[in-house]
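Chemist: This is the structure, below, for whatever I ask next.
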């Protein structure tokens, strides 16, 4: 995959405009430097574009009123993600360099394995990486590891789409490593790998977007935002990335609270109802108090009448 990207970048940018002529395109230090720029640019682009679109069009802004949302949380998520991506890219670049130099099992020609294998390998990629990420993620929750590596990601108890890449760099690389490992173990078409790589970035954002609605047929199978939100809230459940299979096998599956009407968004709606009820009660109390203001007493009215009667009598006398 990256050899295609690198070839395009060399042809239209690096060779004609950036690098000295004596730097051969197949010189590995040049390739490594090029990969560093390409991986970071694509990493930032995928993260910022997809997360922003998710935030604008999918994320329910009512969640920002949840009491567990941190002050300036989105800015903090962006800071952690944007400072981690360049560090995460360092070991990632070494893996991509091995791929570019021909050590992976990626292939170009569909006929080499056939269309049936192409379809199978894409599905197998998701199940294989889901299994690996489940165990890596569960290991990251070990008390000796958690506070040093994985805890930063759990600052976001009620995450936004921008929390999707807001990891400690070691954490982010470890959880992405199965995607790279796969192509050194199993044949995979280069374009399929490129598409899957974009998909897993999109999926990582989608499980942090607070969109809990899932078609009923997929609820028992797919580890979506509803499941992953409960992972952020309750920690030791729903470690899977794409499916619920390994959580069920490992005894860590938790039925999503959003399916029971107790999700963070449901909590916000309940708080809004309570606030509205309290405001209505205050309004009613003020209105009732106004209605109960004492009216002028008959004696006061009579006194008022007596006070004005002398002048009235005087005017009457003048008329006479």
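Residue numbers (the numbering used here): 147 to 466.
Where is the CB? At the ideal position from N, CA and C, for every residue including glycine.
Predicted model only: the values in this text are computed from it and were never measured.
1. In chain order, what are the residue ranges of uninterrupted alpha helix (DSSP H) at least 4 long that sit wholly in the region 202 to 264?
2. Let me confirm a value: residue 311 is counted as buried when at least 16 other C-beta atoms fall within 10 Å, else exposed. Which label applies?
3. How many whole angstroms separate the CB atoms of residue 283 and residue 385, which I take to be in contact at a CB cut-off of 8 Å?
4. Going by DSSP, what residue range makes up the alpha helix (DSSP H) through residue 379?
5. With 16 as the cutoff for other CB atoms within 10 Å, does residue 184 come out buried or exposed?
6. Less than 7 Å between the beta carbons of residue 211 and residue 303, yes or no?
7. Using three-state DSSP, classify residue 334 as helix, strand or coil.
8. What separation, rounded to the nearest whole angstrom, lies between the Cα atoms of residue 277 and residue 406?
9. Under 7 Å Cβ to Cβ from residue 224, same chain only, skipping five residues before and after it: list those, please.
10. Classify residue 305: buried if its beta carbon has 16 or more other beta carbons within 10 angstroms, exposed otherwise.
11. When burial is assigned at 16 or more other CB atoms within 10 Å of the CB, is residue 463 buried or exposed?
12. Check this for me: beta carbons of residue 275 and residue 324, under 7 Å apart or not?
13. Figure out for me which residue from 391, 176, 192 and 170 has the closest Cα to the Cα of residue 368.
14. Are the CB atoms of residue 231 and residue 189 within a distance shorter than 7 Å?
15. May I ask you to report which of helix, strand or coil DSSP gives residue 360?
16. Which residue comes first and which comes last in the alpha helix (DSSP H) that contains residue 294?
17. Determine the burial state of residue 395: buried for a count of at least 16 other Cβ atoms within 10 Å of its Cβ, exposed for fewer.
18. So if DSSP puts residue 160 in a beta bridge, which residue, or which two residues, is it bridged to?
19. Quick one: grab the DSSP three-state call for residue 389.
20. Tell me, to the nearest whole angstrom, how far the beta carbon of residue 239 is from that of residue 178; I am working on the premise that it is less than 8 Å.
21. Which residue comes first and which comes last in the alpha helix (DSSP H) that contains residue 355?
22. Considering only the alpha carbon of each residue, which of 402, 381 and 158 lies closest to residue 358?
23. Output needed for residue 465: all residues of its chain with C-beta closer than 7 Å, excluding positions within five of it in sequence on either side, in chain order.
Modeler: For this structure:
1. 219 to 246
2. Looking up residue 311 in the chain shown gives position 165. Classification for residue 311: buried.
3. If you number the chain shown from 1, residue 283 lands on position 137. If you number the chain shown from 1, residue 385 lands on position 239. Sure, about 4 Å apart at Cβ, within 8 Å.
4. Sequence index remark: in the chain shown, residue 379 carries index 233 (1-based). From DSSP, the alpha helix (DSSP H) with residue 379 extends over 371 to 380.
5. Position 38 of the chain shown, counting from 1, holds the residue named residue 184. The residue in question, residue 184, is buried, as its Cβ has 16 or more Cβ neighbours within 10 Å.
6. To locate residue 211, count along the chain shown from 1; it is residue 65. To locate residue 303, count along the chain shown from 1; it is residue 157. Not closer than 7 Å, so no.
7. Position 188 of the chain shown, counting from 1, holds the residue named residue 334. Residue state, collapsed to three classes: strand.
8. The sequence position of residue 277 within the chain shown is 131, counting from 1. The sequence position of residue 406 within the chain shown is 260, counting from 1. Computed Cα separation, rounded: 27 Å.
9. Indexing the chain shown from 1 puts residue 224 at position 78. So the qualifying residues of the chain are 308.
10. Working through the chain shown from its first residue, we reach residue 305 at position 159. With 16 or more other Cβ atoms within 10 Å, it is buried.
11. Reading the chain shown from its first residue, position 317 is the one you call residue 463. Residue placement at residue 463 is poorly supported in this model, since its pLDDT is 48, which falls under 50; the coordinates still yield a value, given next. It is exposed - the Cβ of residue 463 has fewer than 16 other Cβ atoms within 10 Å.
12. In the chain shown, the residue the question calls residue 275 occupies position 129. In the chain shown, the residue the question calls residue 324 occupies position 178. In this structure, residue 324 lies closer than 7 Å to residue 275 by Cβ.
13. Locating residue 368 in the chain shown gives position 222, counting from the first residue. Residue 368 has its Cα closest to that of 391, out of 391, 176, 192 and 170.
14. Counting from one through the chain shown, the residue named residue 189 turns up at place 43. Counting from one through the chain shown, the residue named residue 231 turns up at place 85. Yes, the Cβ-Cβ distance between residue 189 and residue 231 is below 7 Å.
15. Mapped onto the chain shown, residue 360 falls at position 214. The answer is coil: DSSP assigns residue 360 none of H, G, I, E or B.
16. Taking the first residue of the chain shown as position 1, residue 294 is located at position 148. Note, residue 294: alpha helix (DSSP H), 289 to 295.
17. Within the chain shown, the letter at position 249 stands for residue 395. The residue is exposed, with fewer than 16 neighbouring Cβ atoms inside 10 Å.
18. If you number the chain shown from 1, residue 160 lands on position 14. In DSSP, residue 160 forms no bridge with anything.
19. Residue mapping note: residue 389 aligns to position 243 of the chain shown, counting from 1. Three-state DSSP puts residue 389 in a strand.
20. Taking the chain shown and counting its residues from 1, the one referred to as residue 239 is at position 93. Taking the chain shown and counting its residues from 1, the one referred to as residue 178 is at position 32. So it is a contact: roughly 6 Å between Cβ atoms.
21. To locate residue 355, count along the chain shown from 1; it is residue 209. Segment: none, residue 355 is in no alpha helix (DSSP H) and carries neither H nor E.
22. Sequence index remark: in the chain shown, residue 358 carries index 212 (1-based). With distances taken between Cα atoms, residue 358 lies closest to 402.
23. What you label residue 465 is simply residue 319 of the chain shown in a count that begins at 1. Unreliable placement is indicated for residue 465, whose pLDDT of 44 sits below 50; no coordinate value is reported for it.
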